[in-house]
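In my numbering, the protein residues as written are 111 to 235.
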């Protein structure tokens, strides 16, 4: 599988600048946030932050920033009508899991899903 980041070069007024567009694949921290939203349903940033505090020490502003990044990536949706805003998962647990397994098979097992299954069976003994 190719690198999950794409480098884009923009030329403005003769000056080249580089921007990195991240993959839509959730990071480990984003998966923790998604788990809160999957388990608890639509939630405020404060609720997500408090739920994360059990596993990870983060500031409230970091949690809000992470939700903003996830919104841009299409991983969450925000209800602008509610006050305070409520966030909900835009991807299901099943679809996220499917994408992660597919990426694992591609990166580690060269696309051979049976190798992953055999490895899992060996580990289950």
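Backbone N, C-alpha and C define an ideal beta-carbon position, used for all residues, glycine too.
Bear in mind that the values here come from a model prediction, so they are computed numbers and not experimental data.
(request) Thinking residue 197 and residue 158 are a contact (beta carbons under 8 Å), I'd like their distance in whole angstroms, please. (result) By 1-based counting over the chain shown, the position of residue 197 is 87. By 1-based counting over the chain shown, the position of residue 158 is 48. That pair is a contact at about 7 Å.
(message) Once the 5 residues before and after residue 206 are set aside, which same chain residues still bring their CB inside 8 Å of it?
(response) In the chain shown, the residue the question calls residue 206 occupies position 96. Closer than 8 Å at the Cβ level, and outside the excluded window around residue 206, lie 136, 141, 144.
(message) Under DSSP, the alpha helix (DSSP H) around residue 186 begins and ends at which residues?
(response) Numbered from its first residue, the chain shown carries residue 186 at position 76. Run containing residue 186: none in the alpha helix (DSSP H); it sits in the beta strand (DSSP E), 186–189.
(request) Using the Cα positions of residue 212 and residue 233, report the straight-line distance between them to the nearest angstrom. (result) By 1-based counting over the chain shown, the position of residue 212 is 102. By 1-based counting over the chain shown, the position of residue 233 is 123. Each residue's Cα considered, the two are about 19 Å apart.
(request) Could you tell me which residues DSSP puts in a beta bridge with residue 197? (result) Walking along the chain shown from the start, residue 197 turns up at place 87. Per DSSP, 153, 188.
(request) Compute the Euclidean distance between the alpha carbons of residue 150 and residue 199, then round it to the nearest angstrom. (result) In the chain shown, counting from the first residue as 1, residue 150 sits at position 40. In the chain shown, counting from the first residue as 1, residue 199 sits at position 89. Taking the CA atoms as reference points, residue 150 sits about 10 Å from residue 199.
(request) Within the same chain, show all residues whose beta-carbon is closer than 7 Å to that of residue 209, passing over the 5 residues directly before and after it, in chain order. (result) Locating residue 209 in the chain shown gives position 99, where the first residue counts as 1. 135, listed in sequence order.
(message) Does chain B have any CB closer than 8 Å to the CB of residue 169?
(response) Given the protein chain composition of this structure (a single chain), no chain B is represented.
(message) Does residue 163 come out as helix, strand or coil in the three-state DSSP assignment?
(response) On the chain shown, residue 163 is found 53 positions in, with the first residue counted as 1. Note: residue 163 maps to helix in three-state DSSP.
(message) Rounding to the nearest angstrom, what Cα-Cα distance links residue 189 and residue 161 in this structure?
(response) If you number the chain shown from 1, residue 189 lands on position 79. If you number the chain shown from 1, residue 161 lands on position 51. Annotation: residue 189 to residue 161 spans about 19 Å, alpha carbon to alpha carbon.
(request) Can you tell me which of 231, 194, 139 puts its alpha carbon nearest to the alpha carbon of residue 172? (result) By one-based count along the chain shown, residue 172 stands at place 62. Taking the Cα of residue 172 as reference, the smallest distance to any Cα among 231, 194, 139 is reached at 139.
(request) Would you give the residue range spanned by the alpha helix (DSSP H) that residue 172 belongs to? (result) Along the chain shown, read from residue 1 onward, the residue named residue 172 stands at position 62. First-last of the alpha helix (DSSP H) with residue 172: 170–183.
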